[in-house]
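FYI, in my numbering the residues of the sequence shown are 26 to 249.
All C-beta atoms, glycine included, are put in the ideal place defined by N, C-alpha and C.
Quick caveat: nothing in here was measured; it's all calculated off a predicted structure.
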Amino acid sequence: MTKLNYSFTDVELLNTALTHSSFVRGDNRIYPNNERMEFLGDAVLELCASEYLYLNYPKMNEGMMTRTRARTVCETALNIVAKELELGKYLLLSHGEENTGGREKPSILSDALEAVIGSIFLDGGIECAKRFILSFIKNSVEEAARSLSAKDYKTLLQEYVQHYHSGELEYKVIGMSGPDHKRVFTMCVSIDGVVYGFGDGGTKQEAGQNAARATLELLNRDNA
């Protein structure tokens, strides 16, 4: 597996990392699978991602670091990396799992990637595992940080309300316009029943984000 860019001293660790719990060999004996190694790899991944955020984003607060890390190590993000590394080709699966598309399942691929991280950690230590993780995590962290800081107004508003108001935050669709193929939604945001902001968008999610942004701008002006 040259795409890993890592040479194992104990290749059996890699074999275990790629062995799904459904797999049974011809002798019907039970062999080690990757579940325990996935558990370890998950912890190593979170540690290295946390350290990278702490060292490289000194102005990022704890809440933003938590959300950025969560997006970086989630199943969706890890599935993309696993597919780039072509891990699915090397997985050991049961016939049943293989016949139901197991080699392409995001949950299986993301778990396998975490297990591979665990296997590298066991084989070469934390520095080897960190180098492997950083080879794919840097771009993911930067993309997640940009996305959250630029677009996730609903999360920012939720944090603001929890900190300053402790009230109930509610989003409500108050209007729809346009034809079916070009629908525009209008949403309002209220805190404890008081409407603060409005937003339009082609989807409810977009309208909600715009309404949250308008609300944040109003609250920030009021508190300036």
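My guess is that residue 62 and residue 135 are in contact by the Cβ rule of under 8 Å, so how many angstroms apart are they, rounded?
Taking the sequence shown and counting its residues from 1, one reaches residue 62 at position 37. Taking the sequence shown and counting its residues from 1, one reaches residue 135 at position 110. Taking 8 Å as the upper bound for CB-CB distance, residue 62 and residue 135 are not in contact here, some 13 Å apart.
Does DSSP put residue 178 in a helix, a strand or coil? Here residue 178 refers to the residue found at position 153 when the sequence shown is read from its first residue. In the three-state reduction of the DSSP assignment, residue 178 falls in the helix class.
| query | Measuring CB to CB, does residue 240 end up less than 7 Å from residue 198? | reply | Taking the first residue of the sequence shown as 1, we reach residue 240 at position 215. Taking the first residue of the sequence shown as 1, we reach residue 198 at position 173. For the pair residue 240 and residue 198, the CB atoms are not nearer than the 7 Å cut-off.
Handout entry: Residues near residue 235 by beta carbon distance below 7 Å, same chain, minus five either side
Key = Here residue 235 corresponds to residue number 210 of the sequence shown, with the count starting at 1. 224, 225 and 226.
* Asked: Is residue 222 helix, strand or coil when you go by DSSP?
  -> In the sequence shown, residue 222 corresponds to position 197, counting from 1. Strand, per DSSP.
**Report entry** Limits of the alpha helix (DSSP H) - the one that residue 214 falls within
**Finding:** Position 189 of the sequence shown, counted from the start, is the residue given in the question as residue 214. Not the alpha helix (DSSP H): residue 214 falls in the beta strand (DSSP E), residues 209 to 216.
Check your understanding: Roughly how many angstroms separate the alpha carbons of residue 171 and residue 162, rounded to a whole number?
Key -> Mapped onto the sequence shown, residue 171 falls at position 146. Mapped onto the sequence shown, residue 162 falls at position 137. Near 14 Å, if we compare the C-alpha coordinates of residue 162 and residue 171.
Practice problem: Taking residue 112 and residue 74 to be in contact with their CB atoms under 8 Å, please state how far apart those CB atoms are, rounded to whole angstroms. | Solution: Here residue 112 refers to the residue found at position 87 when the sequence shown is read from its first residue. Here residue 74 refers to the residue found at position 49 when the sequence shown is read from its first residue. With a Cβ gap of about 19 Å, residue 112 and residue 74 do not count as contacting.
- State the Cα-Cα distance for the pair residue 146 and residue 124, rounded to the nearest angstrom. For this step, residue 146 is matched to residue 121 along the sequence shown. For this step, residue 124 is matched to residue 99 along the sequence shown. One C-alpha to the other measures close to 32 Å.
Identify which residue in 87, 212, 165 and 88 has its Cα closest to the Cα of residue 222. Position 197 of the sequence shown, counting from 1, holds the residue named residue 222. Among 87, 212, 165 and 88, the Cα nearest to that of residue 222 is on 212.
For this session: Report the residue from 66, 122, 29 and 89 whose alpha carbon sits nearest the alpha carbon of residue 140.
Result: Looking up residue 140 in the sequence shown gives position 115. Looking at the Cα atoms, 66 is the closest of the given residues.
Strictly by DSSP, which residues pair up with residue 62? For this step, residue 62 is matched to residue 37 along the sequence shown. Answer is none; residue 62 lacks a bridge partner.
- Hey, out of 118, 187 and 150, whose CA is closest to residue 46's CA? Reading the sequence shown from its first residue, position 21 is the one you call residue 46. Of 118, 187 and 150, the residue nearest in Cα terms is 118.
- Task: Count the other C-beta atoms from every protein chain shown that fall within 10 angstroms of the C-beta of residue 266, then say buried if there are 16 or more, exposed otherwise.
- Result: Residue 266 lies beyond the residue range present for the chain, which begins at 26 and ends at 249; the question has no answer from this structure.
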